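Numbering (the working numbering), first residue to last: 1078 to 1258.
This is how it looks when you write it as structure tokens:
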């Protein structure tokens, strides 16, 4: 056997091994990136959902306090006792902590939407807690602004998560049948 006939099969084995190694490495890298992406998507979903839930909880409590103060008639009243205010303060601390997770994991649009929702929530809080200029005429638009900001946050979160389709449009608050009662 001459040298050429021995080198060609050996070169074929080396090229085959190198190709196999490269394909396997690229496949594993792609799989790792996909798993990492799924893991971050799961964490972002949890962060967005937890944050949206606690903001909604606070807004509903502020709504009930606003009912007790006569700023609105939509809901059942909640008197702002010391215990209620302490619970609200603790919930606000949890909301603040959850907002940090949104900032860490979210994209720019979602973070911006969360900050706008915070501002609207704080406006509701100020009105509900006794802003002396708070009136029925101010509460309604403030609550509508909060709902719009919340809807935008949900829209941006869905876009960031790659959720296909759009969230449903908001229903009129309250429906026509409610005001007839």
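Don't be surprised by glycine CBs; every beta carbon is placed ideally from N, CA and C. Remember, it's a predicted structure, so these values are computed and weren't measured experimentally.
Inset, instruction - Indicate whether residue 1161 and residue 1124 have their beta-carbon atoms separated by less than 8 angstroms. - result: Their beta carbons are not under 8 angstroms apart, which means residue 1161 does not touch residue 1124 by this criterion.
Inset, instruction - Following the continuous alpha helix (DSSP H) through residue 1218, name the residue where it begins and the one where it ends. - result: It spans 1213-1238 - the alpha helix (DSSP H) in which residue 1218 sits, taken as one unbroken run.
Inset, instruction - Take residue 1218 as the anchor and find which of 1137, 1138, 1197, 1176 has the nearest alpha-carbon. - result: When only C-alpha atoms are compared, the closest one is 1197.
Inset, instruction - Report the rounded CA-to-CA distance for residue 1240 versus residue 1104, giving the unit in angstroms. - result: So the two alpha carbons sit approximately 26 angstroms from each other.
Inset, instruction - Starting from the C-beta of residue 1083, find all residues in its chain whose C-beta is less than 7 angstroms away, skip the five residues before and the five after it, and write them out in chain order. - result: Cβ within range, chain order: n/a, list empty.
Inset, instruction - Over the uninterrupted alpha helix (DSSP H) stretch that includes residue 1195, give me the two end residues. - result: Boundaries of the alpha helix (DSSP H) harbouring residue 1195: 1185-1205, taken from the DSSP string.
Legend entry - Closest residue to residue 1230 among 1193, 1201, 1243 (Cα-Cα distance): Checking every option, the nearest Cα to that of residue 1230 belongs to 1193.
Legend entry - Sequence-distant residues of the same chain with beta carbon closer than 6 angstroms to residue 1142, five excluded per side: Around residue 1142: 1155, 1157, 1205.
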